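Since the structure comes first, as structure tokens, the remarks are kept for the end.
There are 2 protein chains.
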Amino acid sequence: MNIIKHLESTRSEYIESFRKFLRQPSVSAKGVGIRECARLLKDIMDEWGIDAEVLPTDGNPVVYATVESKKSEKTLLVYSHYDVQPPEPLEEWISQPFEAKTVEGKIIARGAADAKGNILAFLKAVESYLKTEGEPPVNVKFLFEGEEEIGSPHLPSFVESHRDMLSADGVVCWDGGLHPSGRPSISLGVKGMLYVELRCRGARTDLHSSQAPIIVNPAWRVVWALNTIKPPGGRIAVKGWYDDVRSPTEEELKLLSEIPFEEEILKKELGVEEFLDGVKGLEALKRLVYEPTANIAGISSGYTGVGSKTVLPCEAMAKIDFRLVVDQDPYRLLKLLRKHLDERGFKDVEIVELGTLLPSRTPPSAPIAQATMKASEKVYGAKPVVYPNSAGSGPDFVFTKILGLHSVWTGCSPPLAKAHAPNEFNTVEHMVKGVLYAAEIMENFRGL
Amino acid sequence: MNIIKHLESTRSEYIESFRKFLRQPSVSAKGVGIRECARLLKDIMDEWGIDAEVLPTDGNPVVYATVESKKSEKTLLVYSHYDVQPPEPLEEWISQPFEAKTVEGKIIARGAADAKGNILAFLKAVESYLKTEGEPPVNVKFLFEGEEEIGSPHLPSFVESHRDMLSADGVVCWDGGLHPSGRPSISLGVKGMLYVELRCRGARTDLHSSQAPIIVNPAWRVVWALNTIKPPGGRIAVKGWYDDVRSPTEEELKLLSEIPFEEEILKKELGVEEFLDGVKGLEALKRLVYEPTANIAGISSGYTGVGSKTVLPCEAMAKIDFRLVVDQDPYRLLKLLRKHLDERGFKDVEIVELGTLLPSRTPPSAPIAQATMKASEKVYGAKPVVYPNSAGSGPDFVFTKILGLHSVWTGCSPPLAKAHAPNEFNTVEHMVKGVLYAAEIMENFRGL
Chain S
21 MNIIKHLEST RSEYIESFRK FLRQPSVSAK GVGIRECARL LKDIMDEWGI DAEVLPTDGN
81 PVVYATVESK KSEKTLLVYS HYDVQPPEPL EEWISQPFEA KTVEGKIIAR GAADAKGNIL
141 AFLKAVESYL KTEGEPPVNV KFLFEGEEEI GSPHLPSFVE SHRDMLSADG VVCWDGGLHP
201 SGRPSISLGV KGMLYVELRC RGARTDLHSS QAPIIVNPAW RVVWALNTIK PPGGRIAVKG
261 WYDDVRSPTE EELKLLSEIP FEEEILKKEL GVEEFLDGVK GLEALKRLVY EPTANIAGIS
321 SGYTGVGSKT VLPCEAMAKI DFRLVVDQDP YRLLKLLRKH LDERGFKDVE IVELGTLLPS
381 RTPPSAPIAQ ATMKASEKVY GAKPVVYPNS AGSGPDFVFT KILGLHSVWT GCSPPLAKAH
441 APNEFNTVEH MVKGVLYAAE IMENFRGL
Chain L
21 MNIIKHLEST RSEYIESFRK FLRQPSVSAK GVGIRECARL LKDIMDEWGI DAEVLPTDGN
81 PVVYATVESK KSEKTLLVYS HYDVQPPEPL EEWISQPFEA KTVEGKIIAR GAADAKGNIL
141 AFLKAVESYL KTEGEPPVNV KFLFEGEEEI GSPHLPSFVE SHRDMLSADG VVCWDGGLHP
201 SGRPSISLGV KGMLYVELRC RGARTDLHSS QAPIIVNPAW RVVWALNTIK PPGGRIAVKG
261 WYDDVRSPTE EELKLLSEIP FEEEILKKEL GVEEFLDGVK GLEALKRLVY EPTANIAGIS
321 SGYTGVGSKT VLPCEAMAKI DFRLVVDQDP YRLLKLLRKH LDERGFKDVE IVELGTLLPS
381 RTPPSAPIAQ ATMKASEKVY GAKPVVYPNS AGSGPDFVFT KILGLHSVWT GCSPPLAKAH
441 APNEFNTVEH MVKGVLYAAE IMENFRGL
């Protein structure tokens, strides 16, 4: 294979470009270094023969490029993100988070795995084809956004208004890594999300709690409202919430049963003796993949310091993230939630919508899914770990629902690469394997 | 009356001593100036002919004195406190909180009303008798503590171990002031208190909320536990909680119906349109005086900043203050609460006891109650506003239950004197009236 030779001969330049990319902070949560990073990414792409543009959105810019191929009429859309999580807590890093220092064979940096390593691996695969064969196996479009770590708030409108530019035959969401077993991980979709804040107000100010017999306590109101939304037992009690939840297909259940799920290791890592309701094995996995959730992400009211203070709070707040499974619709559910609270006497509890994402799913038989699975076996010598959808959420619906394409989530980061945590890392070995994985995905996609 | 003449001739020295007392900070919450203030109080008492001692407790010292009288075999125990609330927020004071400056006829200082003004008024009354008649109308014992503003944690053990020293025929808890109507306010008791913190833990650390289908969320556990303790409707659902609650007597109900309750002004001040459950008038007042409460004073879990963060919290906490009415017992109720949570499957919810106070009540017919009511009419020319007990709590049980005495709560601070708030004040007029009120209480108590 020509590209392996090319890759070997340009290995050190490749890793140097990677370090340069890592040394440019791009923290979307704080608006730090975003535009500089988009510009740097464009420069690297241009240098590698991939003509890129920095395009505006209503938020942070996207970096976009097309690479044409005469080998195929097929077009692969590759999505990823150049923004990174905040590096805090800084004191836990063994080297500076934007220094990209190599420590014991690991390149340590915020973004090393999530997703700057991924981005440069796919770009390097295309560059290798350009240098050795003149063109990649398929037409490729790159779409790198700068807001993934803050929930992709402007991606849907950007994709809506650039449908033609983004037309393709399949999508690789290239933002992930290897399963702890060392096998690639492929998710055929994501959960959706409805994120709300419940708010309630009482008196003008916090009062002495001797007033409790006659003055409303908004903390009780929020507690009672929450309890009606999800009573003990854990099933969401909002009428109609489960209407659109469909059962897993035989094919999906088969995929599920093939996922290695090391529950004892997981329990130990998380510090719990049992999973919720004592579920085990496949049952626990099924919940992770198929269960809609109502999670209290935060709750606050009154005095929360040490010791006792007899205060009757004047306001209370709870944040809930509802994860949604196919085919739940966050906008419909938001209306059902309002109706639910109204009918139970909680008109005083305000619902503030803080975020929505549609759930999304691609069938395992989709060409891009098959192409990725085959590439995994070829490059890593092992079947991938395939999830019908991930337990987490993401902007997958912009590809499946807005563009109407099939999409998979995969990537080449090392197992347990500490994405979002201190000492995030990548290795040269994984970067190189990633280039081959990307190349093989393109090769396979051409033939499917 | 001799003492009026004496009071007029020593008026400026009296107010100077008061200012000196105010200028000595004594913030028990921060441990600032406590010992210096106890010493200063003793010095003032000594100077006025009232031999005082500074006695140790397991916390801040008490200042104690006895003044004997040949006129009567009766002994009146006068309780108050020399510690004050923290002065914060400092920027809202129109003069320095420990400067004791006179602004538009008001002496502005932290403690001016609560309770340094009260203390000096009663001392001045006794001093006036000593100077004019050689002795007060009854034997007097003074007990001034230095921890009232932090919940009197060491007063019960001090009183337990000084029963003989504190023997008396009645108690005036001299720590209060005039009703907004200008009439003295007398409370014949207080509510008790059980202050607890509910705590629950889940995983080792906060997790990504995609784990919600299989990992326990302690915020839900605490919400569900709270809901079982007090479901919507507001009645406490812990079995046996109301067992010892007794109905108001005819006498008490009569007192209640005589209390001026300006509910529209109160609602406006608190910024609420309605009282809880739409109660009005006497019904609202009855609740304030007779209803046990379960108040969420604070609740906290997970991410509570702005915007959305999908976190599965690893811990949750709620603070509840339960106010208790006669004859509820906080220790018995604590056990009932534990049993309640255990029986409902909340063994994982820890209960941390943060404070207990027994409820306490003195009958209106008690001699000290009658003496105080009569003194009010004589000095202020108006019937006092008499509460069967206050809606708040205090260490009254050390007198009624440990010493077995009758006790009333009253005082001479101006109406709306801003105790616990910025610009707390007193006036010379109220200080002088207070001396006469104290004198008249002693006179009346001798005859009853």
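Taken in order, these protein sequences are the chains called S and L. For the first sequence, my numbering assigns the number 21 to the initial residue and increments by one for each residue that follows. For the second sequence, my numbering assigns the number 21 to the initial residue and increments by one for each residue that follows. Cβ coordinates follow ideal geometry from the N, Cα and C atoms, glycine included. Just so you know, these numbers come straight off a predicted model, no measurement behind them.
For the alpha helix (DSSP H) that residue i lies in, which residues bound it at each end?
i, result
"residue 57 of chain S", "54–67"
"residue 462 of chain L", "448–467"
"residue 271 of chain S", "270–277"
"residue 86 of chain L", "Run containing residue 86 of chain L: none in the alpha helix (DSSP H); it sits in the beta strand (DSSP E), 82–87."
"residue 306 of chain S", "301–310"
"residue 23 of chain S", "22–29"
Would residue i pass as an interface residue toward chain L - the criterion being a Cβ-Cβ separation below 9 Å?
i, result
"residue 215 of chain S", "yes"
"residue 189 of chain S", "no"
"residue 259 of chain S", "no"
"residue 13 of chain S", "Beyond the ends of chain S as shown, which are 21 and 468, falls residue 13 of chain S; an answer cannot be given."
"residue 227 of chain S", "yes"
"residue 236 of chain S", "yes"
"residue 138 of chain S", "no"
"residue 185 of chain S", "no"
Thinking residue i and residue j are a contact (beta carbons under 8 Å), I'd like their distance in whole angstroms, please.
i, j, result
"residue 194 of chain S", "residue 431 of chain S", "5 Å"
"residue 239 of chain S", "residue 249 of chain S", "Actually they do not touch by this definition, with Cβ atoms about 16 Å apart."
"residue 61 of chain L", "residue 142 of chain L", "Actually they do not touch by this definition, with Cβ atoms about 12 Å apart."
"residue 381 of chain S", "residue 209 of chain S", "4 Å"
"residue 54 of chain L", "residue 46 of chain L", "6 Å"
Does any residue of chain S have a CB that is nearer than 9 Å to the CB of residue i?
i, result
"residue 359 of chain L", "no"
"residue 199 of chain L", "no"
"residue 208 of chain L", "no"
"residue 211 of chain L", "yes"
"residue 323 of chain L", "yes"
"residue 250 of chain L", "yes"
"residue 320 of chain L", "yes"
Measuring straight from C-alpha to C-alpha, what distance separates residue i and residue j?
i, j, result
"residue 66 of chain S", "residue 304 of chain S", "47 Å"
"residue 93 of chain L", "residue 451 of chain L", "28 Å"
"residue 136 of chain S", "residue 396 of chain S", "20 Å"
"residue 110 of chain L", "residue 130 of chain L", "11 Å"
"residue 464 of chain L", "residue 320 of chain S", "52 Å"
"residue 146 of chain S", "residue 155 of chain S", "8 Å"
"residue 447 of chain L", "residue 123 of chain L", "10 Å"
"residue 64 of chain S", "residue 37 of chain S", "7 Å"
"residue 181 of chain S", "residue 161 of chain S", "16 Å"
"residue 387 of chain L", "residue 24 of chain L", "25 Å"
"residue 281 of chain S", "residue 235 of chain L", "15 Å"
"residue 251 of chain S", "residue 244 of chain L", "7 Å"
"residue 426 of chain S", "residue 188 of chain S", "10 Å"
"residue 383 of chain S", "residue 172 of chain S", "24 Å"
"residue 400 of chain L", "residue 325 of chain L", "52 Å"
"residue 44 of chain L", "residue 333 of chain S", "33 Å"
"residue 59 of chain S", "residue 74 of chain S", "7 Å"
"residue 203 of chain S", "residue 336 of chain L", "37 Å"
So, with DSSP's three-state summary, where would you put residue i?
i, result
"residue 391 of chain L", "helix"
"residue 431 of chain S", "coil"
"residue 323 of chain S", "coil"
"residue 240 of chain S", "helix"
"residue 375 of chain L", "strand"
"residue 108 of chain S", "coil"
"residue 406 of chain S", "strand"
"residue 146 of chain L", "helix"
"residue 204 of chain L", "strand"
"residue 265 of chain S", "coil"
"residue 40 of chain S", "helix"
Going by DSSP, what residue range makes up the beta strand (DSSP E) through residue i?
i, result
"residue 438 of chain L", "Unbroken run through residue 438 of chain L: none, as it is neither H nor E."
"residue 219 of chain S", "212–221"
"residue 164 of chain S", "159–165"
"residue 341 of chain S", "335–344"
Quick one: is residue i near chain C, going by C-beta distance under 9 Å?
i, result
"residue 22 of chain S", "Included in the structure are the protein chains S and L, with no chain C among them."
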